[in-house]
Amino acid sequence: MDTLLSGLFLLARLDVCVALLIGSVGGVIIGAIPGVGPAVAIAILLPATFAMEPLVGLTMLLGIYGSSMFGGALPAILINTPGTAVNALTTYDGHPMTRNGQALRALGLAYGASFMGGIISIVALILLSPVLAKIAPMFGSREIFLAAMLGILLVVIAHRGQTFAAGMLAGLGIFLGTIGLEPVKYTQRFTFGQEWLTSGIDLIVVVLGLFAISQAFILLNDPESAPDARRIEGRMFKAMCEVFRFKRIASAGAGFGVLMGMIPGVGEFTAQFLSYTYAQKTSKTPEMFGKGSPEGLVASEAANNAVPAAAMIPLLALGIPGEALTAMMLSVFYVHNVIPGPGLFQNKLDFVYALYIAMILLNVIVVVFVLFSSNLLVRIIRIPTRFLGIMVLTLSFVGVYSLRNSATDCAISAGFGILGLILKRQNLPIVPIILGMVLGGIMEVKLRSAMARVTTPLDFVDRPISALIATAIVLLIVFHFWGVWKERRLKEPEFSHDHDVHDSQMR
Amino acid sequence: MNRIKNLQDLFKRYRRPGDLVFAVSFFVLSLFLLVNLPAQTAWVERTSLFAQPAFWPAVAIGVMIVFSALHLLGAVVSERIPGRLAEVLYWARSLEFAIWFMAYVAIVPLLGYLPSTALFCASLAYRMGYRSLRWMGISVLFAVAVALLFKSFLQVKLPVGLLYEWLPVGIRSFVMTYF
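Going down the list, the protein sequences come from chains A and B.
Quick note: the first sequence, position 373, residue 373 per the UniProt record's numbering, numbers continuous.
Quick note: the second sequence, position 142, residue 142 per the UniProt record's numbering, numbers continuous.
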């Protein structure tokens, strides 16, 4: 309880509160604009947060991360275009409800479910934190190496039908992380005699190129469109309260969100699909799913909003980001020399609690904001897409150039912008590159220190946690191949899944 | 024939136009990196394999080679999707905007952040067809808002323009700090 109170005390500062307010409101607005999304916004704002204190910068980024899904539901419901990729499932039932003249009800349910999902997951994690504080110190070099390996494996396997592409892109990410001076022997790796490559390729430069600049290029290249959304009439609060009629579905969705969020590399999509499937299977009206079912809408929104808090667990407890957004946040920690990992949960639990309380507050701020601002957000949706491209490209400059005032970084970022555009056009995943870059570095360092104390391969798995993770890795590979084999036997090839739903690169 | 059919079934996957071009390019890049591995990394005497500077790039390139070969195989054995050239031209068209971006990068240290951003936004808006006075105004207003937010409010470090040197002494330092 004392730690919880000191966490609250850490937050009780004007700069933290202002950052939280800007992040929460900004996140909703960014989420509501199709084609921008939290990854683009976080990538652009990241360098600006380097000058701030860790808690201030992180609460702002967390605000954007946690609130963008609230905003993303708005265009998904009103114009059938998800504001963020994780709102794709929201379109299934949200837009049919709008077509049936129930736009206000759909929005209210989506906001209410997002709020319930967010709050339930954070409360669960606050209760779980003392347990994590006890488990985290049991993670040594080999456990962290294996957990990072599990993360990469999960991100590759999670891209069903694109497994080979995800694997090669994860390899590219790992490779990019090795360019420059090797950290122990100081020999050069893949610099081709170029001085500008000696310091390596910065993660933020790659992130900005792959997410923000590529998105700007797409918006500028694609034909002009200005989405048309109509005004919403009625009382939003009343519509939001209806979610309590679906509290079983919302709680289950939050549960799926917490579980899937904690596993590196899995994230919102799996949580949403599990939650949606559960809701459909237990519903009295399963035939309504996809045609405007309130239960489907609640299931998907509750699950996706429960993920951000849970995704912070592997990041804070082990220093392992589970997806692109938490990978970006990891760089904020590194810049301020706050090293996430077992020590953080053990020694700075109040800091962890402060982040969780910030997430509760952001959910409250967002609900108050969306209660009164839906029609303002409807106007934001209408920004013409090509002009949006100009805005994103202009903002990307701030992100890249402010890092090191380097024109070379800008050129590299523009290059990754083109690569990102190609990947998005091909519907190939971008996240494996980012996770490869981050996790590859962690794996290299941890493998070295682990191998110093290992004489036989069995020594690597002679501790309970390392044995557990190694078993998980083996089982995952076995189940994946078994699944592929079963699909082939049933003549249901892997590529038959609808991968456009998995637009993970948009995150 | 049956073997070929089985191979096709095994490696068929979700694809879009231009898939083969990308698959070939990525595989060639992976091979290029593999060929350069001995020259671009060092082998240090009396150091274990796992601590060798070459070890981790070798792992990464190995992963790239294996998966990109499988990805390429998938592209080769699948039926051709029309629209390859149009797709590659779409990729090439984005080069124009990369050049716009680099031109913006080049003029900021000369003109300063606010004038460059206003010029960039207005001229790119003009290029994209937003040519009315209203859109030009919105572009400049957006540029001013961005400059104020990032340079004045968030104190993000951005270069000072050479042009600012010509300003009167009284306002020079103010402009340099906030715009």
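Beta carbons are placed, not taken as given, at the ideal position from N, Cα and C, and that holds for glycine.
Would you mind telling me which residues of chain A sit closer than 7 Å to residue i, beta carbon to beta carbon, in chain order?
{"i": "B:S68", "result": "M168"}
{"i": "B:P57", "result": "F175, T178, R189, F190"}
{"i": "B:M22", "result": "Just to set this straight, residue 22 of chain B is Phe in the shown sequence, not Met. Residues of chain A passing the Cβ test: I422, Q426."}
{"i": "B:S94", "result": "F217, N221, I418, L421"}
{"i": "B:L31", "result": "Neighbours of B:L31 on chain A: none; closest Cβ ~12 Å, over 7 Å."}
{"i": "B:F142", "result": "M391"}
{"i": "B:S124", "result": "According to the sequence as given, residue 124 of chain B is Leu; it is not Ser. By Cβ distance, chain A contributes I390."}
Alpha carbons only, please: which of the options is nearest the one belonging to residue i?
{"i": "A:P321", "options": "A:L150, A:I126, A:G200", "result": "A:L150"}
{"i": "A:P264", "options": "A:P286, A:I313, A:L219", "result": "A:I313"}
{"i": "B:Y126", "options": "A:F387, A:Y401, A:N80, A:G71", "result": "A:F387"}
{"i": "A:M329", "options": "A:P38, A:R448, A:A12, A:A450", "result": "A:P38"}
{"i": "A:F237", "options": "A:A407, A:A19, A:V366", "result": "A:V366"}
{"i": "A:G296", "options": "A:K185, A:A309, A:M260, A:Y278", "result": "A:Y278"}
{"i": "residue 180 of chain B", "options": "A:A317, A:V438, A:L210, A:A310", "result": "This structure leaves residue 180 of chain B out entirely; chain B is present only between 1 and 179."}
{"i": "A:I213", "options": "A:Y186, A:L423, A:E444, A:G441", "result": "A:L423"}
{"i": "A:E301", "options": "A:S6, A:E268, A:A19", "result": "A:E268"}
{"i": "B:Y104", "options": "B:L124, B:R172, B:A75", "result": "B:L124"}
{"i": "A:A19", "options": "A:G63, A:M116, A:L4, A:E195", "result": "A:G63"}
{"i": "A:I473", "options": "A:W485, A:L153, A:G173", "result": "A:L153"}
{"i": "A:A88", "options": "A:Y65, A:R488, A:I77", "result": "A:I77"}
{"i": "A:R248", "options": "A:L181, A:L220, A:T282", "result": "A:T282"}
{"i": "A:V335", "options": "A:L219, A:L55, A:V370, A:V155", "result": "A:L55"}
{"i": "B:A51", "options": "A:V40, A:S449, A:L475, A:T394", "result": "A:S449"}
{"i": "A:T198", "options": "B:Q40, B:V21, B:V24, B:S30", "result": "B:Q40"}
{"i": "A:V258", "options": "A:G101, A:G118, A:G27, A:Q280", "result": "A:G118"}
{"i": "A:L479", "options": "A:I157, A:Y353, A:A310", "result": "Looking at the sequence itself, residue 479 of chain A is Phe, so the reference to Leu does not match. Looking at the Cα atoms, A:I157 is the closest of the given residues."}
{"i": "B:P116", "options": "B:L85, B:Y14, B:P38, B:V146", "result": "First, the residue type needs correcting, since residue 116 of chain B is Ser and not Pro in the sequence shown. Comparing Cα positions, the closest option is B:V146."}
{"i": "B:F27", "options": "B:V66, B:P38, B:N36, B:I171", "result": "B:V66"}
{"i": "A:G441", "options": "B:L31, B:W56, B:T47, B:P38", "result": "B:W56"}
{"i": "A:S402", "options": "B:S173, B:K157, B:F174", "result": "B:K157"}
{"i": "A:L21", "options": "A:L4, A:I44, A:I33, A:L61", "result": "A:L61"}
{"i": "B:G137", "options": "B:Y178, B:L119, B:L154", "result": "B:L119"}
{"i": "A:L371", "options": "A:G319, A:L109, A:I122, A:L475", "result": "A:L109"}
Residue i versus chain A: which residues are under 9 Å apart at the beta carbon?
{"i": "B:Y130", "result": "P384, R386, F387, I390"}
{"i": "B:M102", "result": "A407, C410, A411, A414"}
{"i": "B:A42", "result": "E182, K185, T187, Q188, R189"}
{"i": "B:P159", "result": "Y401, N405"}
{"i": "B:F174", "result": "Within chain A, no residue comes near B:F174; the closest Cβ sits about 20 Å away, beyond 9 Å."}
Could you tell me which residues DSSP pairs with residue i in its beta bridges?
{"i": "A:Q188", "result": "A:L181"}
Using the beta-carbon of each residue, which ones in chain A are nearer than 8 Å to residue i?
{"i": "B:S48", "result": "M451"}
{"i": "B:V63", "result": "G167, M168, A170, G171, I174"}
{"i": "B:E87", "result": "R425"}
{"i": "B:V146", "result": "T394, L395, V398"}
{"i": "B:G74", "result": "F164"}
Find the residues of chain B that neighbour residue i, judging by a C-beta separation of less than 9 Å, and give them in chain order.
{"i": "A:G440", "result": "W56, V59, A60"}
{"i": "A:I213", "result": "F97, A98, F101"}
{"i": "A:G161", "result": "R13, Y14"}
{"i": "A:A51", "result": "L154, Q155, V156, K157"}
Buried or exposed: where does residue i fall if 16 or more other Cβ atoms within 10 Å of its Cβ makes it buried?
{"i": "B:A58", "result": "buried"}
{"i": "B:K151", "result": "buried"}
{"i": "A:D462", "result": "exposed"}
{"i": "A:V364", "result": "exposed"}
{"i": "A:V16", "result": "buried"}
{"i": "B:G83", "result": "exposed"}
{"i": "A:L377", "result": "buried"}
{"i": "A:V400", "result": "buried"}
{"i": "A:V332", "result": "buried"}
{"i": "A:D500", "result": "Unreliable positioning characterises A:D500 in this predicted model, as indicated by a pLDDT of 40, which lies under 50. The coordinate reading is nonetheless provided below. Counting Cβ neighbours within 10 Å, A:D500 comes out exposed, since fewer than 16 surround it."}
{"i": "A:P294", "result": "buried"}
{"i": "B:D19", "result": "buried"}
{"i": "A:C241", "result": "exposed"}
{"i": "A:M1", "result": "exposed"}
{"i": "residue 548 of chain A", "result": "Coverage of chain A is limited to positions 1 through 507, which leaves residue 548 of chain A absent and any answer about it impossible."}
{"i": "A:Y186", "result": "exposed"}
{"i": "A:R507", "result": "Note on A:R507: pLDDT 37, under 50, position unreliable in the model; no value is reported."}
At a CB-CB cut-off below 7 Å, which residues of chain B make contact with residue i?
{"i": "A:S331", "result": "Those within 7 Å of A:S331 in chain B number zero; the least Cβ separation is about 16 Å."}
{"i": "A:E182", "result": "P53"}
{"i": "A:V431", "result": "Those within 7 Å of A:V431 in chain B number zero; the least Cβ separation is about 15 Å."}
Listing by chain order, which chain B residues have their CB less than 8 Å from the CB of residue i?
{"i": "A:E143", "result": "In chain order: nothing, as chain B lies at least about 17 Å away."}
- Tell me the start and end of each unbroken beta strand (DSSP E) in the region 50-79 of chain A that is at least 3 residues and wholly inside, in chain order. Correct list: empty.
- Query: Which runs of the beta strand (DSSP E), 3 residues or longer, sit entirely within the region 266-335 of chain A?
  - Reply: If you keep only unbroken beta strand (DSSP E) runs of at least 3 residues inside the region 266-335 of chain A, you get nothing at all.
- Completely contained alpha helix (DSSP H) runs for the region 383-422 of chain A, where each covers 4 or more residues: Those alpha helix (DSSP H) runs which fall completely within the region 383-422 of chain A and span 4+ residues are 385-404.
- Query: What are the complete alpha helix (DSSP H) segments, minimum 4 residues, inside the region 109-179 of chain A?
  - Reply: Runs of the alpha helix (DSSP H) inside the region 109-179 of chain A: 141-158, 163-178.
- Contiguous alpha helix (DSSP H) assignments of at least 4 residues, all confined to the region 334-382 of chain A: Given a length threshold of 4 residues, each whole run of the alpha helix (DSSP H) inside the region 334-382 of chain A is given here in chain order: 342-347, 349-381.
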